[in-house]
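Notes follow once the structure below has been shown.
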Amino acid sequence: MENSIQKWIEQPFSKLAVGAIVVLAVLAGVSIPSFIQAKFNQDAVSIGGKKYDITDVKKTSPIAYSKYQTDYANLIKNTLAEFAQDKLFEIVGAEKNIPAADVLKQGFVPKEPTDQEIADIYNTYKAQLGGKSLAQAKDQIVGLLKNQQEQEHSRNVYKEIVQKYPVDFLIKEPDVVRVTVDTENNPSIGAEKAKITIVEFSDFECPYCKRSQDVNRRLREKYKDQIRWVFRDFPLPFHQDAMYAHMAANCSLSQGKYWEVFPILFENSGNLSASNVDFLVTKAGVDKSKYQACMNDKDKLQAEINKDIQDGQKVGVSGTPAFFINGIFVSGALPYESFEEIIEKELKN
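Mapping of the sequence shown onto the UniProt record's numbering: residues 1 to 349, in sequence order.
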């Protein structure tokens, strides 16, 4: 039914369809011109009297178009998800003759945490408790543990509800937009002819880039030679120590130590002063004299890094981290599942 309606909407208007619109317009009490105009108009911008709409964005800026599509689909999904959740609680509440707001709480009886559980939480979060003793923090910790119990109970109840009343989102998938990203002469790991190529634009001093490295590692461990991972430099101008760190990493390439230096720089992203970077690089096994000779050629190193930045900007990179999975743009330190979903689809193609 949904497809039939969609085809009807997309067809050019026949005389019968126009006649139907006229009837609907009269019944609705609106003028025919405004009714038809509302049907055909898209969101657009007028520049010097010439109108441009989203199809023009798609032609000239595929990354902006892709982001628009993804953001719009996510907005629709989140809106429908909230509606679906409220509807489920309403249905179950009516079944059990309880208020919808109490559905997740039904049957929950908190258990008193053991002394060991309380002590474990205290020792784990002692630094965040403002110097309180275990006795002083006990009530606060007990409340936290009981809250965790309630959240776990709510998750289990919700799982049971959606098993009984499955929720499926009938949302049109965004168009797949791909861009060509150069990978030549850049450090990579994984099989050269892997089915999936992921290009990462990142910054050693960026906290979000550091956070994303755990996800990146998990992906490489899971997919192994199915993925070729390419790294491209994108030090942001307001990260004062980033450029030096990227230069240092590039100076480890000729010695075959890049992927040893790479994780160490991210692990120390909050302390990338030149002296510490030099120490970290040599600690990773890079020959000190060869490294120093390489670092002296600053113009060559900066030119290579600036090329990465310019290439990234050409394909829509404006912040870090940014990824291209077989040319599909992914922005930010997203959860593992977001990358996994795209990779699985690409592997099936």
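Using N, Cα and C, we set each Cβ at its ideal position, and we do this for glycine too. Keep in mind it's a predicted model, so treat the numbers as computed, not measured.
At a Cβ-Cβ threshold of 9 Å, Val261 and Leu236 do not count as neighbours. Taking C-beta atoms as the reference points, Val92 and Ala101 fail to come closer than 9 Å. Tyr244 carries a helical assignment under DSSP once its states are collapsed to helix, strand and coil.
Rounded to the nearest angstrom, the gap between the Cα atoms of Thr60 and Ile196 is 26 Å.
A Cβ-Cβ contact shorter than 9 Å links Ala248 with Leu265. Taking 8 Å as the upper bound for CB-CB distance, Phe234 and Val167 are not in contact here, some 39 Å apart. In this structure, DSSP gives Ala84 a helical state, which the three-state scheme calls helix. With respect to the 9 Å criterion, Ala322 and Glu184 are not classified as neighbours on the basis of their beta carbons.
Spanning the alpha carbons of Lys298 and Val181 requires a straight line of approximately 25 Å. Annotation: the continuous alpha helix (DSSP H) that includes Ser154 extends over Leu134 to Lys164. Counting along the chain, no alpha helix (DSSP H) covers Thr183, and no H or E run does either. Within the stretch 260-291, the alpha helix (DSSP H) runs of at least 4 residues that lie entirely inside it are, in chain order, 274-283. At a Cβ-Cβ threshold of 9 Å, Phe324 and Val176 do not count as neighbours. Taking a contact to require three or more Cβ pairs closer than 8 Å, the stretch 305-320 and the stretch 60-70 qualify as touching.
By the 16-neighbour rule on beta-carbons within 10 angstroms, Asn97 is exposed. Burial state of Glu112 is exposed, judged by a 10 Å Cβ sphere holding fewer than 16 other Cβ atoms. The beta carbon of Lys51 is closer than 8 Å to those of Ala44 and Val45 in its chain, skipping five residues each way along the sequence.
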